[in-house]
Amino acid sequence: MATSLTLIATPCTAPRSSSSFALSPRLPPRRSRDDILIDPRNAAAARRRVPVRGAEETAAPRRRSCLPGPASAKNAEKATCPSTVTSLLGWNGPGMWDVGEHAFHHLFDGYATLVRVSFRGRSGGGARATGAHRQIESEAYRAAVARGRPVLREFSHCPAPAKSLLDRVGDLVGLVTGAALTDNPNSAVLPLGDGRTTKSSVLIDPDTLETVGRFRYTDRLGGMVQSAHPIVTDTEFLTLLPDLVRPGHLVVRMEAGSNERKVIGRVDCRGGPSPGWLHSFAVTEKYVVVPEMPLRYSSASLLTSELAPFYAFDWVPASGSYMHVMCKSTGKTVASVEVPPFMAIHFINAYEEEGDEAAVVVDCCEHYGNPAIIETLVLNRLRSLRGKDVLPNARVGRFRIPLDGSPFGELETALDPEEHGRGMDMCSINPARLGRKYRYAYACGARRPCNFPNTLTKIDLVEKKAKSWHEEGSVPSEPFFVARTGATDEDDGVVISVVSSDDGEGYALVLDATTFEEISRVRFPYGLPYGFHGCWIPGTE
Ligand SMILES: CC(=O)/C=C/C=C(C)/C=C/C1=C(C)CCCC1(C)C
Ligand SMILES: CC(/C=C/C=O)=C\C=C\C=O
Ligand SMILES: [Fe+2]
1 MATSLTLIAT PCTAPRSSSS FALSPRLPPR RSRDDILIDP RNAAAARRRV
51 PVRGAEETAA PRRRSCLPGP ASAKNAEKAT CPSTVTSLLG WNGPGMWDVG
101 EHAFHHLFDG YATLVRVSFR GRSGGGARAT GAHRQIESEA YRAAVARGRP
151 VLREFSHCPA PAKSLLDRVG DLVGLVTGAA LTDNPNSAVL PLGDGRTTKS
201 SVLIDPDTLE TVGRFRYTDR LGGMVQSAHP IVTDTEFLTL LPDLVRPGHL
251 VVRMEAGSNE RKVIGRVDCR GGPSPGWLHS FAVTEKYVVV PEMPLRYSSA
301 SLLTSELAPF YAFDWVPASG SYMHVMCKST GKTVASVEVP PFMAIHFINA
351 YEEEGDEAAV VVDCCEHYGN PAIIETLVLN RLRSLRGKDV LPNARVGRFR
401 IPLDGSPFGE LETALDPEEH GRGMDMCSIN PARLGRKYRY AYACGARRPC
451 NFPNTLTKID LVEKKAKSWH EEGSVPSEPF FVARTGATDE DDGVVISVVS
501 SDDGEGYALV LDATTFEEIS RVRFPYGLPY GFHGCWIPGT E
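Quick note: the sequence shown uses UniProt numbering, first residue 1, plus one each step.
The structure is reproduced here in structure tokens:
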């Protein structure tokens, strides 16, 4: 593994120019800063709950395996691996829920905790794994720890207004410049195409998980907020910057290796009074798709530091729902259509359909045009309503956006939602299919009754079927697909998730992506914080 590599994570806010979430409050995560050596166990051993032994002891999985290549009987012969590979899986999510006397209210408030699992494979000799976790030291986190309370505005928390006149002027400046907003990067963690990795504009050393600096843009685009899921490839970094003053979005691109974002184009909102919340978006090979849903930034809330009905957002159904398609090379909006009402935090993928009825197809985790999912993710509800069937229904929503100038787009349900228990979010795909026609999506689904997604599910969008992994009481994080080296089939690889189990244990679970059967689990000796999203850094020989 390249030791010079740095990771970077992006928060929902633009960078300043200058317990185990086992859904149980009983099991706070240990905050060890040391690596913990973990025995990778094969699935059978893990099911027998073999205890983790001394830290110096490592054990090869019983079955011959070469991570990240699949080690199932079916694939064992195909697997080829270099003599030694260390590959990293980095997970990021909210892991710290209390600071001083203050207990956070919402899942999206928690200060980011990174979890790392490093796989080391040897040809013929099995694989080993080590794990570690560490708090990301964002400015929001450092200030909160220093003052014993949150200082910056978090997802559902506004700090009390200052008492002195001078401090009030300071507060106002902070609100207008965005400096009063959190930089807590508790969502995506990304390796930049040039080998750097980003976790919400905070630079992370993947070996030690130490926060080593800030990722600073050299442009003057500024912006208070940004999409938490930039799309990063080997060559570029694409993201959206909402314009709250003149409602719209800037679509921006940064070349790999550069710190300067350049504007590709601008999309005006059609539904005002402000842009829709854009946690994520989708791209095709030629286009960037800009969604506009009725959950809109509340400018009043952002400027007054008071909470809106949905914290920083208003639900404005009368404002309509729209999808805009921008050409990446010209910056021109080639389609802007009204669509049925939708509510989506995560987009899955998009692709172009050519021919007489040319269109862009866009898939997302769609909550039936209902923002109730935001309230479902209040921590008290997650802790107290376990086993109650209160997780709102969700589906794979498939938009069809015609490219012939028609004013309307379609939204349909891509497969029977019963296939995934009527719950689905936290989706990933084989990254080689980004922006292209694809067949498989991996998501967290539901085994009812539940108040939170509690399965891992492989969705086949062609056969319109899903296959799920579930263990009673366990909460898995987003399933992350890693292709086998040299794979050609879309689902030839493994799916890895970080799981918190009912008894307070945590483990990384490795599934064969083809069969969706368990290959192995890497057990931590303590519960793990809930991880929203992951990233994979392939090893070098
Ligand atoms: C983790 C996740 O899904 C969402 C996290 C969202 C956050 C932290 C949102 C933060 C905010 C905005 C999107 C708008 C401006 C206010 C603020 C609360 C910082
Ligand atoms: C946990 C979540 C969003 C996380 C953001 O990164 C959404 C869960 C939706 C449940 O169905
Ligand atoms: Fe996300």
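The beta-carbon is built from N, C-alpha and C at its ideal position, and this holds for glycine as well.
Should Met426 be counted as a contact of ligand 4 given a C-beta to heavy atom distance under 7 Å?
As for ligand 4, it is missing from this structure, which binds only ligand 1, ligand 2 and ligand 3.
Contact defined as beta carbons within less than 8 Å: I believe Ile401 pairs with Val337. What is the distance between those atoms, to the nearest angstrom?
Contact holds; Cβ gap of about 5 Å.
Tell whether a beta-carbon distance below 8 Å holds between Leu528 and Val115.
At the C-beta level, Leu528 and Val115 come within 8 Å of one another.
Under 8 Å, with one C-beta from each stretch per pair, do the stretch 298–311 and the stretch 399–413 reach the 3-pair mark?
No, the stretch 298–311 does not touch the stretch 399–413.
Can you check the stretch 305–348 for any beta strand (DSSP E) of at least 3 residues that lies completely inside it and give the ranges in chain order?
As far as the stretch 305–348 is concerned, its whole beta strand (DSSP E) runs of at least 3 residues are 313–315, 321–327, 333–339.
Since Cys364 contacts Gly397 with CB under 8 Å, what's their CB separation in whole angstroms?
Indeed they touch by this definition, with Cβ atoms about 5 Å apart.
Beta-carbon contacts of Leu385 that lie in its chain and below 7 Å, excluding the five residues immediately before and after:
Closer than 7 Å at Cβ, skipping near neighbours: Asn451.
Starting from the C-beta of Gly110, find all residues in its chain whose C-beta is less than 7 Å away, skip the five residues before and the five after it, and write them out in chain order.
Cβ neighbours of Gly110 beyond the five flanking positions: Pro94, Gly95, Met96, Trp97, Phe104, Asn186.
Thinking just about the alpha-carbon of each residue, which of Asp205, His533, Asp404 is nearest to the one in Gly355?
Distance from the Cα of Gly355 is smallest, within the candidate group Asp205, His533, Asp404, for Asp404.
Taking the continuous beta strand (DSSP E) assigned at Val145, which residues delimit it?
Run containing Val145: none in the beta strand (DSSP E); it sits in the alpha helix (DSSP H), 139–147.
Consider the C-beta atom of Phe532 and the heavy atoms of ligand 3; say whether any pair is separated by less than 7 Å.
When distances are taken from the beta-carbon of Phe532 to the heavy atoms of ligand 3, the shortest one is below 7 Å.
What residue from Met293, Ile519, Phe310 has the CA that sits closest to Pro340's CA?
Residue Met293 is the option with its Cα nearest to Pro340.
Among Tyr287, Ala335, Leu241, which one has its Cα closest to the Cα of Cys327?
Among Tyr287, Ala335, Leu241, the Cα nearest to that of Cys327 is on Tyr287.
Suppose you measure from the CA of Tyr438 to the CA of Leu456; what does that come to, to the nearest Å?
Their backbone Cα atoms lie some 19 Å apart in a straight line.
Spatial distance of Ala43 from Thr515 (CA atoms)
Only weak support is given to the placement of Ala43: the predicted model assigns it a pLDDT of 32, under 50, and the value that follows is read from those uncertain coordinates. Approximately 14 Å, taken between the alpha carbons.
Note down the Cα distance separating Asp502 from Asn454, rounded to an integer number of angstroms.
Rounded to whole angstroms, Asp502 to Asn454 spans 11 Å at the Cα level.
What's the C-alpha gap between Ser200 and Val510?
Model confidence at Ser200 stands at a pLDDT of 42, short of 50, so the residue's coordinates are unreliable; what they give is reported in the following sentence. Straight-line measurement puts the Cα of Val510 at about 26 Å from the Cα of Ser200.
Contact the stretch 262–273 vs the stretch 226–237: 3+ CB pairs below 8 Å:
Contact between the stretch 262–273 and the stretch 226–237 is absent: fewer than three C-beta pairs spanning the two stretches fall below 8 Å.
To the nearest angstrom, how far is the alpha carbon of Glu56 from that of Gly423?
Any reading at Glu56 must be qualified, since the residue scores a pLDDT of 20, below 50, and its modelled position is unreliable; the value itself is stated next. Here the C-alpha atom of Glu56 lies approximately 41 Å from the C-alpha atom of Gly423.
Looking at Gly369: is its Cβ nearer than 8 Å to the Cβ of Met343?
Against a cut-off of 8 Å, the Cβ pair of Met343 and Gly369 comes out as a contact.
Tell me the residue span of the beta strand (DSSP E) that contains Ser428.
Segment 424–428, the beta strand (DSSP E) holding Ser428.
Measure the Cβ-Cβ separation of Leu203 and Val212 and say whether it is below 8 Å.
In this structure, Val212 lies closer than 8 Å to Leu203 by Cβ.
Mind listing, in chain order, the continuous alpha helix (DSSP H) runs of no fewer than 4 residues lying wholly within the stretch 225–300?
Correct list: empty.
Closer than 7 Å: is that where the CB of Ala441 sits relative to any heavy atom of ligand 3?
For ligand 3, no non-hydrogen atom lies closer than 7 Å to the CB of Ala441.
I'd like the list of long-range same chain contacts for Val151, defined as Cβ closer than 8 Å, with 5 residues on each side in sequence excluded.
Once the five neighbours on either side are set aside, the close Cβ partners of Val151 are Ala140, Ala143, Ala144, Pro159.
From what residue to what residue does the alpha helix (DSSP H) around Ile374 run?
Per DSSP, Ile374 belongs to the alpha helix (DSSP H) from 372–376.
Less than 6 Å between C-beta atoms, sequence neighbours within five positions excluded: which residues of the same chain meet that for Glu366?
Here the set comprises Phe342, Ala344, Arg395, Gly397.
Spell out a yes or no on whether the stretch 460–472 and the stretch 529–536 are touching, meaning 3 or more CB-CB pairs, one atom from each, closer than 8 Å.
The answer is no - the stretch 529–536 does not touch the stretch 460–472, with fewer than three Cβ pairs under 8 Å.
So, with DSSP's three-state summary, where would you put Glu518?
In this structure, DSSP gives Glu518 an extended state, which the three-state scheme calls strand.
Please report the Cβ distance between Tyr440 and Asp491, rounded to the nearest whole angstrom; I am assuming they are in contact, meaning their Cβ atoms lie under 8 Å.
About 5 Å separates the Cβ atoms of Tyr440 and Asp491, confirming a contact at the 8 Å cut-off.
If you compare alpha carbons, which of Arg134, Gly265, Phe347 is closest to Ser329?
Of Arg134, Gly265, Phe347, the smallest CA-CA separation from Ser329 is found for Gly265.
Rounded Cβ spacing between Val290 and Phe281 (contact assumed at less than 8 Å):
Contact holds; Cβ gap of about 6 Å.
Unbroken alpha helix (DSSP H) run spanning Leu461, endpoints
Looking at the DSSP string, Leu461 is not in any alpha helix (DSSP H), and its letter there is neither H nor E.
Within 10 angstroms of its Cβ, does Asp183 collect 16 or more other Cβ (buried), or is it exposed?
Under this definition Asp183 is a buried residue.
Need the endpoints of the alpha helix (DSSP H) that Leu411 sits in, please.
Counting along the chain, Leu411 sits inside no alpha helix (DSSP H); it lies in the beta strand (DSSP E) bounded by residues 410–413.
Where does Ala394 sit, in a helix, a strand or coil, going by DSSP?
Ala394 falls in the coil class under three-state DSSP.
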